[in-house]
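*Asks:* This is the structure I want to talk about, given as structure tokens.
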Amino acid sequence: MTVLVFNQRSVDEILSLIRILGGLVGAQVRAESLVSDYSSRIAQCRAISSQQLRRPRVYFEEWV
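Residue numbers for the sequence shown follow my numbering, so the first one is 370 and each next one is one higher.
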């Protein structure tokens, strides 16, 4: 039995995981399309947020 473990720590790692999973299940084209769509949306968010004068502070805590 094959066990795969993923531990993404960044958006780029998540996008890479989508590509890997797409390859594993034979859906490479769909995975690339999804990554392209997400990348475009992320770029739009970055462009909009870069124009904001006020940058709120954010605290994030993750329980494992």
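Beta carbons are placed, not taken as given, at the ideal position from N, Cα and C, and that holds for glycine.
Whole angstroms are fine: how far does the CA of R378 sit from the CA of R426?
*Replies:* 20 Å
*Asks:* Over what stretch of residues does the alpha helix (DSSP H) that includes E401 continue unbroken?
*Replies:* Q397 to S419
*Asks:* May I ask you to report which of helix, strand or coil DSSP gives V427?
*Replies:* Assignment of V427 by DSSP, reduced to helix, strand and coil, places it in the coil class.
*Asks:* What's the C-alpha gap between L373 and S409?
*Replies:* 28 Å
*Asks:* Under the assumption that A400 contacts I387 (Cβ atoms under 8 Å), give the Cβ distance between them as a whole number of angstroms.
*Replies:* 5 Å
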